[in-house]
Amino acid sequence: MIRKIIMGTAWMMVSLGLYAQNNEMLTDKDKIIVTISAYAARGELAELKDALNRGLDVGLTVSEAREILVHLYAYTGFPRSLNGLMTLMNVLEERKTQGKKDVEGREASPIVDTGDTYERGRKTLEKLSGVPQPKPAKGYGEFAPRIDRFLKEHLFADVFDSDVLDYKTRELVTLSALAALNGTEAQLKGHLKLGKNTGWTDRQLTEIIEMASAIKGIDPIHPKGEQKLPDTRFTGDAYLTPLLAHDTTNNFAMGSVYFERNARTHWHTHPRGQVLIVTAGEGLYQEEGKPAQRIRKGEIVNIPARIRHWHGASAHSPMTHIGITNYVGEKGVNWYEAVTDEQFDKANSEVKR
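Take the sequence shown: its letters are residues -20 to -1, 1 to 333, numbered as in mature numbering (1 follows the signal peptide of the UniProt record, and there is no 0).
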């Protein structure tokens, strides 16, 4: 049984009016753009490198990847954008030495409208927002006219004028970055409206926020841990932070386990059951013979005794959970065979529906 104890992202989505009333989901390309944008916004370059490689593998062109990172500078600053671009350059060089041939993609079309740049940007923002845009913008634009000019002339004119990415994709990048950062809730709320206006559905917007927020949630309550768990019981990289040992006082053990993306346990059982508390990211839990279930930050999994099961990170996000394992005598777990890649891929497909 899975139940939620912390509203977190779900509460934010309800407050923003996202109710996921349709079943249209993000494509694999959409998802990798979310991942690239979120990691670049947070400056997590090792994870960004992996995401860029996956993006190029699923058909993202070099020009699209480059434009995503250029676009982000307006929302995350030059340092994060430049670090992201340097990471992309290194990725492309490595892939070239590996014999991989990436598609360069198209260049931006020439700008036809050579009129006033401020007016061009203001009209673009009107198109995105669907409402008239005063000159200058009320509030911040009146207080700081220069920032209003920068937003209109540079962001919504110079940056948005490049058609390497369409408006819908640019909002995907922006939403992913804002959802992955702290202290940007007001801007995120505003861009959700722009996202809907550019064609993203409520269900897709919910999925974007969930994915990017899961990446933000990778700052775990407990450290990642230096104790790598053995390959004989785990597939992929998983790390343990012991919290409480089983002893004569406590007939259970407790630890925090960090799973890298794709990492998971082998099949196993617990003689007296186990409780999982997800503290960061997004993962999977599956009992033998039953469909896999998605588990997210703030959810509790109550695992029955003697039920074969496995759990771990999803294909798209790392996960951290606290495990509370009950003991019978000196025994808390029985280990079995590994979860195959085919079983793991099927589980990820099941939770998409």
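We treat Cβ as the ideally placed atom computed from N, Cα and C, and that holds for glycine.
- prompt: In or out: glutamate 74 buried (at least 16 other Cβ within 10 Å) or exposed?
  reply: The residue is exposed, with fewer than 16 neighbouring Cβ atoms inside 10 Å.
Meets three-Cβ-pair contact criterion under 8 Å: the segment 294 to 301 and the segment 239 to 248: Proximity of the segment 294 to 301 to the segment 239 to 248 meets the contact definition, three or more beta-carbon pairs being nearer than 8 Å.
query: Looking only at C-alpha atoms, which of Pro112, Lys196, Thr67, Thr245 sits nearest to threonine 259?
result: Nearest C-alpha to threonine 259: Lys196.
message: Within 10 Å of its beta-carbon, does alanine 225 have 16 or more other beta-carbons around it, so buried, or fewer, so exposed?
response: Under this definition alanine 225 is an exposed residue.
message: Considering only DSSP beta bridges, list what proline 222 is partnered with.
response: Proline 222 is bridged to Gly235.
message: If the criterion is Cβ atoms closer than 8 Å, does the pair arginine 104 and phenylalanine 140 meet it?
response: Note that residue 104 corresponds to threonine in the displayed sequence, not to arginine. Result yes, Cβ atoms of threonine 104 and phenylalanine 140 sit closer than 8 Å.
message: Rounded to whole angstroms, what is the Cα-Cα separation between valine 50 and aspartate 10?
response: Cα to Cα, valine 50 sits roughly 18 Å from aspartate 10.
query: With distances taken between CB atoms, is the gap from phenylalanine 214 to tyrosine 307 smaller than 8 Å?
result: Contact flag unset, no.
- prompt: Can you tell me the Cα-Cα spacing of glycine 35 and glutamate 44, whole angstroms?
  reply: Straight through space, the alpha carbons of glutamate 44 and glycine 35 are spaced by roughly 10 Å.
- prompt: Considering only residues of the same chain and omitting the five flanking positions on each side of tyrosine 265, which have a CB-CB separation below 6 Å?
  reply: Here the set comprises Gln273, Ile275, Val281, His291.
task: Alpha carbon to alpha carbon, how far is serine 142 from glycine 95? Give it in angstroms, no decimals.
output: For glycine 95 and serine 142, the distance between alpha carbons rounds to 16 Å.
query: Comparing the C-beta of aspartate 37 with each C-beta of chain C, is any distance below 8 Å?
result: The structure shown has no chain C; it contains just one protein chain.
query: histidine 250 lies in the beta strand (DSSP E); which residues open and close that run?
result: Here histidine 250 belongs to no beta strand (DSSP E), and DSSP marks it neither H nor E.
message: Quick check on glycine 57: does DSSP put it in helix, strand or coil?
response: Assignment of glycine 57 by DSSP, reduced to helix, strand and coil, places it in the coil class.
Where isoleucine 275 falls: helix, strand or coil (DSSP): Isoleucine 275: strand per DSSP, three-state reduction.
- request: With DSSP collapsed to three states, give me the class of alanine 318.
  value: Looking at alanine 318 - three-state DSSP - the assignment turns out to be coil, as it is neither helix nor strand.
message: If contact is defined by three or more beta carbon pairs under 8 Å, each pair taking one atom from either stretch, is the segment 116 to 126 in contact with the segment 152 to 163?
response: Contact fails between the segment 152 to 163 and the segment 116 to 126, because fewer than three Cβ pairs, one in each stretch, are under 8 Å apart.
- prompt: Taking the continuous alpha helix (DSSP H) assigned at isoleucine 12, which residues delimit it?
  reply: Element bounds for isoleucine 12: 8 to 22.
- prompt: Where does the unbroken alpha helix (DSSP H) through isoleucine 189 begin, and where does it stop?
  reply: Counting along the chain, the unbroken alpha helix (DSSP H) around isoleucine 189 starts and ends at 182 to 196.
Inter-residue spacing [alpha-carbon to alpha-carbon] between glycine 23 and threonine 67: About 10 Å.
- prompt: Straight-line CA distance for leucine 65 to glutamate 84?
  reply: Those two C-alpha atoms are separated by around 15 Å.
task: Take asparagine 2 and list the residues in its own chain whose beta-carbon comes closer than 6 Å to its own, dropping the five residues that flank it on each side.
output: Note that asparagine 2 has pLDDT 49, beneath the 50 cutoff, so the model's placement of it is unreliable and the number below is only indicative. Counting only Cβ-Cβ distances below 6 Å, and skipping sequence neighbours, we find Thr181, Arg183.
message: So, with DSSP's three-state summary, where would you put phenylalanine 214?
response: Residue state, collapsed to three classes: strand.
- request: Using alpha carbons as the reference points, say which of Gly261, Thr186, Glu310 lies closest to threonine 228.
  value: Considering only alpha carbons, the answer is Glu310.
- request: State the Cα-Cα distance for the pair serine 58 and isoleucine 304, rounded to the nearest angstrom.
  value: The sequence as given places phenylalanine at residue 58; serine does not occur at that position. C-alpha separation (whole angstroms): 44 Å.
From Lys76, Lys132, Gly79, Ser89, residue whose alpha carbon lies closest to that of arginine 102: Closest in C-alpha terms to arginine 102, from the list Lys76, Lys132, Gly79, Ser89, comes Lys132.
Same chain, Cβ closer than 7 Å to threonine 77, neighbours up to 5 away in sequence not counted: Counting only Cβ-Cβ distances below 7 Å, and skipping sequence neighbours, we find nothing.
message: Do threonine 300 and valine 255 have their beta-carbon atoms positioned less than 8 Å apart in this structure?
response: Using a Cβ distance threshold of 8 Å, valine 255 and threonine 300 do not count as a contacting pair.
Exposed unless 16 or more other CB atoms sit within 10 angstroms - verdict on tyrosine 219: Taking every protein chain shown into account, the CB of tyrosine 219 has 16 or more other CB atoms within 10 angstroms, so this residue is buried.
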